[in-house]
Each structure stands twice: as C-alpha cells, then as structure tokens.
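Mind the numbering: the sequence shown is residues -21 to -1, 1 to 316 in mature numbering (1 follows the signal peptide of the UniProt record, and there is no 0), read in order.
All C-beta atoms, glycine included, are put in the ideal place defined by N, C-alpha and C.
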Amino acid sequence: MMRTLLTVTLSGCVMLPVTVAANDDKTQAYIDQLTSMGFPAPKDNQLVHIPPTMADLEEADIHPELKKVIRRGYDLFTNTQQLRGKNVFNNMNCSSCHLGEGRMPFSAPIWPAAVTLPGYRGKNGHVNNLEERIAGCFTYSMNGKPLEYGSDNMLALSAYHQWLATGVEMYPKQPIYGRGFPAPERPAELSYVNGEKLYQENCAVCHAEDGTGLRIDGHTVFPAPWGDMSNNWGAGIVRLHTAAGFIKNNMPLGQPNSLTDQEAWDIAFYMDSQERPQDPRYTGDVKETAEKFGPTFHKHSMYGQVRESDGKLLGDHDNTGDKPFLKPDTVRSRTFD
C-alpha cells in the first residue's frame, strides 16, 4: 500500500511531498498509535501529515521574530481565556475543541485550514480566508468578538496554524487523513432519554451534571457543553453530526472510540437539545432564523425545534450569555459582483 506522506525535519526544513511505503518508520509508528486507539488506518492516497511540535519550533531555522509570533499564537490557542471579556465571552479555549494543541487527527486539526483557504464556505455563502475562518470561531464557538483583521493576535494565531502545516502544499489534491470530526453513520432513531443517561454516566464527571463544565481559579479545566458559558447556537458543534463525530472520536477524554455509534449520537442529541446563547445571525424570530440558515446550517441542529422532553422551543430567546451584544460587525456578507 502506498500513501502520500509529508515530512518535516526537526530543523524545520521543508521536504516536498513524496510517495513512500507504508512501513516508513516514523509514519508507521504514528499510524500504529492512532489505530491502537480505534481510529481507521489511512486509505490509499490519503495525505498523512505529522504536524511539527513547539519543540521542533525551537530547533527550526527560521527568524527569531517569527518564532516569537508562533509562540504567541500557540499561547492564544491553548489559553484563549486570556482574552475573556474582550474577544471571548464564554469558558472556551480554541483547544477545547481542537485537541492536542490543534494537532490531533479526528479532532479537527487546524493545519488543513492553512492550506485549503481561501475557499468557499457554505455557512456564510462566500469565499473565506484564514483570518475570516478564525474570526468565525470567535463569533460562534467563543460567543465573542473576533480579533481585528491584521491585528497582532490575529497574525499570531494565523502563524501558528501555518506553522503546523509546514511542508504541506497549498490546495492538496489528496483527501486529508483525520480532518475534521468524521461522524459515524447516523442511527435510524435517536434517544434523548438514553443520551441523558449516557451523559450522566460518561460525561458529567468532567462537564458537570448541569453542563456547566469545570473551572478552577479562573482557568477552564473542562468546558461547558451547553448553557451561557458554552458556544452559541451558531457554532459548528451544535450540528448533531459534528457533535457525534467529536464525541465518538474523542470522548470520554483519553478513551476515544470507546462509545458505540448509537451512544455517541444519543449523547450528541441530548447535549445539543440544551439551551445556549443566541445565534449571532438571529433575526428576532427563531423560526425565521432557523428557516433562513436551515439549508446551510440549522437543518443539522436542534435550533428552532421542539424539545421532546418538555415541549420547549429551542433558541426562542434573546439571551446572548455574558456577551453584551448579539452580532459582531465582522459577521457580514461578501460579494465580488
């Protein structure tokens, strides 16, 4: 079996993509580790990339000032709470969803964004660049206010994304191994009752029975999966298939792929049937908002639907959590007509 491998030397020198045998020592050890955790082996012609680490950065032959910027990006990525009250209005860090410092396959590793953008995004119906994609994470997942385009912090986060993609060509033709949160096949039926039971058995020990998560001395240890301190109704994780993929591939923490497909979907169904801050795109009417953004987003979420346990219409509120506004100015349409 042959696969496309992209390698990065410890010195940071980029090597061009090459086709190598699957028994390449470093790559095979990487694949073996992932398959031992229940992840699938790469398919033929999938792009397998081992992102460089921060230790590799110290050995890299790049300008010291660039290293400083990348370190700053790493610091922001792993401790986004330092921007609390300015750009972040919940208990999330970037690394709350993108595990392993943004490097972990099957946990939406961030480096693919650096080599596939600019690109068209159905969610907002126009071409996005890397900065706009990061801005979207702040708007929805952080229930916040995006960093200013071109600002020092935006540059730092962009640089960290690009550092992790070192050695990967732009717009790779091969499908990327471990990209996103691949979802298991959706079962014929989902159970709210079973999802609640499974959540209490498997998730509550870290994320609390009421979904408030765990913070110690002002630091997020485990994020809130719903409620005011969680992501808002516009975040990607509120889509059932995205949540199911994240849960199946990553949860409980340290036990990936330990839940069945049905269990992952039921937990996602329960978790995403809880309230959270309003979608920043809210028109003032939940049904109208759900219909307007249904084809590109909310058809996959519980937003605007009636919760079976108590008949509540989800998303029917004006609550923006700790955020003192609804929609950041940077959430706008773009056209080249």
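- Straight-line spacing of the CA atoms in Arg165 and Thr221 works out to 11 Å.
- Counting only runs of 4+ residues, the alpha helix (DSSP H) found wholly inside the stretch 150 to 226 occupies 171 to 181 and 183 to 186, in chain order.
- With contacts defined by Cβ atoms closer than 7 Å, Phe18 and Phe68 do not form a contacting pair.
- In this structure, Trp90 lies away from Ala8, with their beta-carbon atoms at least 7 Å apart.
- Here the alpha carbon of Ser15 sits roughly 15 Å from the alpha carbon of Lys227.
- The secondary-structure analysis by DSSP pairs Arg286 with nothing; it has no beta-bridge partner.
- Taking a contact to require three or more Cβ pairs closer than 8 Å, the stretch 172 to 185 and the stretch 236 to 249 qualify as touching.
- By the Cβ neighbour-count rule, Pro154 is exposed, with fewer than 16 other Cβ atoms within 10 Å of its own.
- Rounded to whole angstroms, Thr309 and Ala114 show a C-alpha spacing of 8 Å.
- Around the beta-carbon of Ile49, 16 or more other beta-carbon atoms lie within 10 Å, marking it buried.
- Taking C-beta atoms as the reference points, Lys46 and Leu62 fail to come closer than 7 Å.
- Within a 10 Å sphere around the beta-carbon of Tyr99 sit fewer than 16 other beta-carbons, which makes this residue exposed.
- Between the alpha carbons of Asp297 and Leu13 lies a gap of roughly 43 Å.
- By the neighbour-count criterion, in which a residue is buried when 16 or more other Cβ atoms sit within 10 angstroms of its Cβ, Met208 is buried.
- Taking 7 Å as the cut-off, the beta carbon of Trp205 is found closer than this to the beta carbon of Gln253.
- Taking 7 Å as the cut-off, the beta carbon of Gly52 is found no closer than this to the beta carbon of Leu126.
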